[in-house]
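Some notes on the structure that comes next.
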Amino acid sequence: MRLLQYNNGSDFSLTEFFESDIPEYAILSHTWEGEEVAFEDLQDGTGTKKASYEKIRFCAEQAKRDGLQYFWVDTCCINKSSSAELAEAINSMFRWYRMLTKCYVYLPDVSRTAVNTDKLAWESAFRKCRWFTRGWTLQELIAPTSVEFFCRESKRIGSKSSLEQQIYEITGIPKSALQGV
Numbered sequence: 554m555r556l557l558q559y560n561n562g563s564d565f566s567l568t569e570f571f572e573s574d575i576p577e578y579a580i581l582s583h584t585w586e587g588e589e590v591a592f593e594d595l596q597d598g599t600g601t602k603k604a605s606y607e608k609i610r611f612c613a614e615q616a617k618r619d620g621l622q623y624f625w626v627d628t629c630c631i632n633k634s635s636s637a638e639l640a641e642a643i644n645s646m647f648r649w650y651r652m653l654t655k656c657y658v659y660l661p662d663v664s665r666t667a668v669n670t671d672k673l674a675w676e677s678a679f680r681k682c683r684w685f686t687r688g689w690t691l692q693e694l695i696a697p698t699s700v701e702f703f704c705r706e707s708k709r710i711g712s713k714s715s716l717e718q719q720i721y722e723i724t725g726i727p728k729s730a731l732q733g734v
């Protein structure tokens with residue numbers, strides 16, 4: 554598993570770990586939008602020019618606040634030009650989400666103003682999130698114990714447990730599955 558590490562508050566480095574040596578880490582759960590930062594972009598230093606770089610910076614800063622040195626982002630921790638690596642990553646993903654310390658769900662379609670307004674406005678924005686319409690996010694919601702949701706301004710809006718009723722109503726996933734029972 555290849556993980557990112559935030560260096561001196563300015564850039565990222567990639568480190569590969571064998572299964573038995575993987576340290577505590579966070580994962581960014583997100584929907585892809587336009588130009589995502591890829592593995593090659595981090596290697597050649599061009600990733601900072603892409604708008605999606607801010608999601609990676611958010612994940613790094615949140616992980617640091619949570620006392621985590623390492624984090625994983627699918628778009629840039631997997632070398633997709635290697636079909637063997639991509640296949641291995643796809644087959645390992647549920648396990649990686651199960652083993653993580655924190656999962657940060659980044660919701661660019663929920664804004665800070667929606668979070669700060671009355672409950673009906675906030676729930677409406679949350680219920681319409683693109684994230685809930687994507688199939689791969691199922692494992693990202695169920696596998697981890699700790700899932701936290703953030704709006705586009707990087708403000709925490711709740712956790713899987715505090716938003717359990719809303720998540721159940723949106724997805725139909727039984728509460729027992731959300732609780733890992």
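Note that the numbering used here numbers the sequence shown so that position 97 is 650, with each residue one more than the last. Cβ atoms here follow ideal geometry from the backbone N, Cα and C, with glycine treated the same way.
Sixteen is the threshold: since fewer than 16 other Cβ atoms of the shown chains lie within 10 Å of the Cβ of Trp585, the residue is exposed. Under the three-state reduction of DSSP, Thr584 is assigned to coil, being neither helix nor strand.
Sequence-distant partners of Thr654 (beyond 5 residues in either direction) whose C-beta falls short of 8 Å from its own C-beta, in its chain, are Glu577, Tyr578, Ala579, Asp619, Leu621, Ser699. In the displayed model, Gly620 falls within coil according to three-state DSSP, outside both helix and strand.
For Thr568, the enclosing beta strand (DSSP E) stretches over residues 564 to 569.
Here the C-alpha atom of Glu607 lies approximately 12 Å from the C-alpha atom of Glu588.
The region 680 to 696 makes no contact with the region 609 to 619; the number of CB pairs closer than 8 Å stays below 3. With respect to the 8 Å criterion, Phe571 and Lys633 are not classified as neighbours on the basis of their beta carbons. Spatial neighbours of Phe703 in its own chain (CB-CB distance under 8 Å, excluding positions within 5 residues in sequence) are listed in chain order as Phe611, Gln615, Tyr657, Val658, Tyr659, Leu660, Arg709, Ile710.
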